[in-house]
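Positions -22 to -1, 1 to 877 (mature numbering (1 follows the signal peptide of the UniProt record, and there is no 0)) are the ones given, in order, by the sequence shown.
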Amino acid sequence: SNDSCETLVFAACILLRQLALALDAAWSGQIRAPLLSPVPRLLSLSARTLFSETGVWEKNYRTETRQRLEKWWHPRIMAEWRKDALEKDAKKKKFYVLSMFPYPSGRLHMGHVRVYTISDTISHFQRMRGHQVLNPMGWDAFGLPAENAAIERGLDPDEWTKSNIVSMREQLDSLGLCFNWDREVTTCLPDYYKWTQYLFIKLFEAGLAYQKEAVVNWDPVDQTVLADEQVDENGRSWRSGALVEQKMLKQWFIKTTNYAKPLLDALAELPEWYGVKGMQANWIGACTGCYFDFKLKVNGEDTGESLSAYSFHPETVFGAAYLAILPSHRLLHGSSSVRSVLQKAFQPGRGERLSASLLLLIEATFRFFSYHPDCSEEDLSVARALNLSWTTVLNSHEDGTQTLINSEEFSGLTREQAFDSITQKAQEKKVGGYLTSSKLRDWLISRQRYWGTPIPVVHCGSCGPVGVPVEELPVTLPKLPSLTGKGASPLEAAHDWVNCKCPRCKGPARRETDTMDTFVDSAWYYFRYTDPHNPDRPFERHLADHWLPVDVYIGGKEHAVMHLYYARFLCHFCRDQGLVAHREPFWKLLVQGLIKGQTFKLANSGQYLKREEIDFTGKEPVALGGGRVEVTWEKMSKSKHNGLDPQEVVQQYGVDTVRLYTLYAAPPEQDILWNVKTDALPGVLRWQSRLWQLVTKLRGARQLGDFPNPSLLKKKELEETKKIWINKNYTIQEVTSHFTEDFLFNAAISRLMGLTNTLTSATVRVVQHSVEFEEALAALVMMTAPMAPYLASELWAGLCHVKNPLSSLLQRRGNVMQQSWPAVDPEYLEVPDFVEMSVLINNQPSGTVTVPLQVSKDTEKVQQLVLESPLGQKLFSERSIKRAILSPRTALINFLTEE
């Protein structure tokens, strides 16, 4: 038929085009395979680049070139990553790079671009070093924002969240970020939160998850409880901004205080965390005392109430005289059975005389663990003022030591010995004794909202709170006809779901209607990534033990306290439960600063303005409607009109340029003030063009007619090649160190720019006949690849098609991302190390001088060597130097001179 003929002709055309391209490539030396290879081999060619497509190397790196090569390389780099991720090689060392997973709001912001560019760069680098890399991604998908958005729009939060995930994943893919998507996790899916519930049951069974009535922080806008950590210094909710109210509610807590001392001590075993270790230590506090739990009796009868009292001196517990509680204590409020008795016992006048904070003081026998007059002048004055009696438990000796008396089996022990013995005995009897600080509180996890992990507990009139059996998990969220966000927990309305049978006695019971704080979901997600599809347990131990600890954890500094503390706690707990071998989940932590945009707001009202609402024609900006304008830099947001759509930025500048800008503009832990007019963006644009020109330069030199021959180089040219060789090796050392130790990607880029300068100044004969130039340029492109993968891939293709290559590097198979990371030549390590120092005069590049590495950080010696060099004699013969500034991070010295 005519259709069949047209199909055959079309297929023949395709075949002929492929054959022509293959023959052309072979003729130009691009394919080192027999010309008479079978047709199927020709059809499977996979290295087609822009260059091999056209047969012409474009001499300039133009905007259209950038757009075409990024479009070309995007699917190929993603496919290479997916293929590599699926390969299992037991010989490869693992490397787990983890970036904090996002809340699926539906749109990426520039902060996302920054953190995921860093993780992507590290993962590409480690793969080139020969590691099996895990760089997973998922979604922190429960929480108030989705529920509030669903209420506002009359939608199901499940549908809203899933549609946002689809949108954000497409955006991440469009940025070329190479994640292990086969390990994707979503915290709002039952196959994930089933295991959040499982871990809660483990905590419950271990006595670390408990429910009690407490005065809590209540957000009147979001209608839910907040942990102390979620209330700012002004008493406002961290999310809604509402003034927080105090409310008496029965809540679920996790006893993180039992792990305070191990969590504090373990910090010493970790490398420096950019100040976060100090923040964690300050949050936990000095763990010098402990809590003791005891039963409360009134008139000799057990009330059924238990109290937890902190003791700074647990070794003197047998000399306790009284217990102090605040007037806000739960026993004085709510439905406590002893409330009326205690309120009568409370005497305001007495309290006012003793403390401005009006402590309620309750007399207690030594069996009621309390405070100890033997150890504190303040405690002693309180006891005397109340005419309390107490037992002396410390016996002081002439040598200054103290031993215990009147302390039952612990009498005769030194205070140090008694401290250890009494706290250990309290732990064994499950009445406290775990060392913690006086300021740390247990983790309040109850939330009175719908969109969260249901707490897997049922309340039975006969059995009390009972954990749902593991085989009945997950306790899934019921579908609700509507959400209002007001009043009691929305789950109260799901009567068929709430009313159930007790798993223990099979009698009538009610499900817990509070859901968990989303920080519980994110406290263990790094485990699930190691075994994301396991239907039988949260993760297999051997897989978690293989991948953990996370080698580099990347995220915002705003999570330095809460999330990291909770995640560390849960890992310590899982270790004690025999679920994993590692106690600490994260080895290195890399916190990144914000990307801030320029904001404009009216000085008198603080109202944020759009740029088009401002007149910039004068010396100072003014509002078009009148009024002085304040110009500041703040975290990007729509409400401040200073946000940027990452996709629009990428469309304008390209993926590689945006990646390089975010890495070069500032060290990771510092904020970036997004301003395309600063030196950072023009600098990385120029550098990309210069890299392109270097490949163009080599290709052109090798087409001059002479076959490359290093023996043709003269003495001066050999000195030049040695300089290139030294600079190459020094750059490999420095960049590798920045990628593995301090993560100063801006310094790494600066060093690569320095090598680019050296290669740019190379003479034509050195380019034409030098293997050193060729290998230095190859190393430069390979070291650029993790940060600018598209550009580097095209540059590598151009290098590998250079005529008559001298180095075996350019005869390797595969894309640049599949190459091994360049190594320092052994000979370089055997000779004195040298550094090529960039010389600036009044901030303007003026050349380079090679100095010994051992003096490269000494300003006076570097200045002397520069002035004694031919370059220095030429530059400074008629200049008066005011000051020389040596960069602490890069090989650069800046001379400030009088003009």
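Ideal Cβ positions, reconstructed from N, Cα and C, are used throughout, including at glycine.
Reduced DSSP secondary structure (H/G/I, E/B, other) of residue i
{"i": "residue 880", "result": "The question about residue 880 has no answer, for the chain in this structure spans -22 to 877."}
{"i": "GLU518", "result": "coil"}
{"i": "HIS437", "result": "strand"}
{"i": "ASP210", "result": "coil"}
{"i": "VAL163", "result": "strand"}
{"i": "ASP280", "result": "strand"}
{"i": "residue 916", "result": "As displayed, the chain neither begins before -22 nor continues past 877, which places residue 916 out of reach and without an answer."}
{"i": "TYR176", "result": "helix"}
{"i": "LYS181", "result": "Per the sequence presented here, residue 181 reads as Leu, with Lys not at that position. Reduced to three states, the DSSP call for LEU181 is helix."}
{"i": "LEU572", "result": "coil"}
{"i": "ASN236", "result": "helix"}
Where the alpha helix (DSSP H) containing residue i begins and where it ends
{"i": "PRO135", "result": "135 to 152"}
{"i": "PHE723", "result": "723 to 738"}
{"i": "MET56", "result": "41 to 64"}
Rounded straight-line distance, which links the Cα of residue j to that of residue i
{"i": "ARG161", "j": "TYR176", "result": "20 Å"}
{"i": "VAL448", "j": "GLU283", "result": "30 Å"}
{"i": "LEU676", "j": "GLN625", "result": "35 Å"}
{"i": "SER385", "j": "SER215", "result": "47 Å"}
{"i": "residue 879", "j": "ILE400", "result": "Nothing in the structure corresponds to residue 879, since the chain is present only between -22 and 877."}
{"i": "LYS228", "j": "PRO767", "result": "54 Å"}
{"i": "TYR531", "j": "VAL111", "result": "13 Å"}
{"i": "GLY132", "j": "TRP799", "result": "53 Å"}
{"i": "PRO80", "j": "THR139", "result": "12 Å"}
{"i": "PHE397", "j": "ALA302", "result": "22 Å"}
{"i": "PHE873", "j": "ARG664", "result": "24 Å"}
{"i": "GLU876", "j": "GLU856", "result": "10 Å"}
{"i": "ARG867", "j": "ARG489", "result": "59 Å"}
{"i": "ASP684", "j": "GLU695", "result": "17 Å"}
{"i": "VAL749", "j": "LYS693", "result": "15 Å"}
{"i": "HIS87", "j": "ASP67", "result": "36 Å"}
{"i": "ALA361", "j": "GLU355", "result": "10 Å"}
{"i": "PRO646", "j": "SER728", "result": "15 Å"}
{"i": "ARG589", "j": "ARG561", "result": "51 Å"}
{"i": "SER865", "j": "PHE723", "result": "15 Å"}
{"i": "SER615", "j": "TYR586", "result": "11 Å"}
{"i": "ALA155", "j": "LYS860", "result": "According to the sequence displayed, residue 155 carries Leu and not Ala. Their backbone Cα atoms lie some 47 Å apart in a straight line."}
{"i": "LEU167", "j": "SER367", "result": "59 Å"}
{"i": "PRO53", "j": "GLN402", "result": "60 Å"}
Cβ shell of residue i (< 7 Å), same chain only, five flanking positions each side left out
{"i": "VAL662", "result": "THR635, LEU638, TYR639 and TYR642"}
{"i": "THR164", "result": "GLY116, TRP117, ALA119, ILE143 and TYR170"}
{"i": "CYS265", "result": "ALA238, LYS239, LEU242, LEU413, THR414 and SER415"}
{"i": "VAL833", "result": "LYS839 and VAL840"}
{"i": "LEU690", "result": "HIS747"}
{"i": "LYS408", "result": "GLY185"}
{"i": "LEU730", "result": "THR709, VAL713, LEU758, MET761 and THR762"}
{"i": "THR294", "result": "HIS350, ASP352, CYS353, VAL371 and LEU372"}
Other residues of its chain near residue i: CB distance less than 8 Å, five sequence neighbours each side excluded
{"i": "CYS552", "result": "LEU177, TRP502, PHE505 and VAL558"}
{"i": "PHE751", "result": "LEU676, THR699, ILE702, LEU737, ALA740, VAL744 and VAL745"}
{"i": "ILE592", "result": "PHE578, PRO599, VAL600, ALA601, LEU602 and VAL607"}
{"i": "TRP525", "result": "LYS72, TYR74, LEU112, TYR507 and THR508"}
{"i": "ASP206", "result": "ASN195, ARG419 and LEU422"}
Endpoints, the beta strand (DSSP E) within which residue i is located
{"i": "GLN822", "result": "822 to 830"}
{"i": "ILE303", "result": "300 to 303"}
{"i": "PRO486", "result": "486 to 489"}
{"i": "TRP429", "result": "Careful: TRP429 lies outside any beta strand (DSSP E) and carries neither H nor E."}
{"i": "VAL609", "result": "607 to 613"}
{"i": "GLY445", "result": "442 to 445"}
{"i": "ARG217", "result": "Premise fails: ARG217 is in no beta strand (DSSP E) and is neither H nor E."}
{"i": "PHE873", "result": "870 to 876"}
{"i": "SER460", "result": "It is not in any beta strand (DSSP E) - SER460 carries neither H nor E in the DSSP assignment."}
{"i": "CYS552", "result": "No beta strand (DSSP E) contains CYS552, which is instead part of the alpha helix (DSSP H) from 540 to 554."}
Close-in-space but distant-in-sequence residues of the same chain around residue i (CB under 6 Å, 5 per side omitted)
{"i": "TRP652", "result": "ILE573 and GLY575"}
{"i": "PHE290", "result": "GLY267"}
I'd like to know if the region 433 to 440 and the region 122 to 131 are in contact, where contact means that at least 3 CB-CB pairs between them fall below 8 Å.
Verdict: no, contact absent.
* Contact between the region 712 to 721 and the region 778 to 786 (3+ Cβ pairs under 8 Å) -> no
At least three beta-carbon pairs within less than 8 Å, the region 67 to 75 to the region 517 to 536
Segments in contact, yes.
### Task
Report yes or no: do the region 83 to 97 and the region 608 to 628 share at least 3 C-beta pairs separated by less than 8 Å?
yes
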